[in-house]
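Participant: Here the sequence shown is numbered in the numbering used here, starting from 1023 and rising by one per residue.
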Amino acid sequence: MEGRFPVWRDLIGAVFVDAGIVRQKTNPTLPRQRAAITPGVGVRYHSPVGPIRADIGLNPGSTESLPVVTENTVNGQTTLVTLQQHRTYSPTKGGGILNRIVLHLSIGEAF
């Protein structure tokens, strides 16, 4: 969802919320689905070639303990193997809020 508002001449401001769900059915030992909601702000400039966009989103990810998955190939057959160990995933580790900010630049509409 995106809300746009005029800023100055051909410059348009925007606030947005993106949402998504990732699902898997391949490995029953892994989570079946994950969801995320990402808020952000941006600007659009209406150029002769189309809108030029600059967006900044905030990654809401938190620290998780996730299983380690690898491939095992035997006689040309490849299977996924879930190891007993887990690894910690932390998108903000070592950088605080700066590791949570995502910059996206593009030409054209997002949808």
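Note that beta-carbon positions come from the ideal geometry of N, C-alpha and C, so glycine has one too. Note that the structure is predicted; figures quoted are calculated from it, not measured.
Measuring CA to CA, which of G1079, M1023, P1028 is closest to A1123?
Facilitator: It should be pointed out that residue 1123 corresponds to Ile in this sequence rather than to Ala. Residue G1079 is the option with its Cα nearest to I1123.
Participant: Counting pairs of Cβ atoms below 8 Å between the segment 1057-1074 and the segment 1093-1113, do you hit three or more?
Facilitator: no
Participant: When the Cα of H1068 is compared with those of I1059, P1082, F1027, which residue comes out closest?
Facilitator: F1027
Participant: What three-state label does DSSP hand R1031 in the structure shown?
Facilitator: R1031 sits in coil when the DSSP states are folded into three classes, being neither helix nor strand.
Participant: I want to know whether the segment 1060-1067 touches the segment 1088-1107 - three or more CB-CB distances under 8 Å.
Facilitator: Too few Cβ pairs lie closer than 8 Å, so no.
Participant: What residue range is occupied by the uninterrupted beta strand (DSSP E) comprising P1073?
Facilitator: 1072-1080
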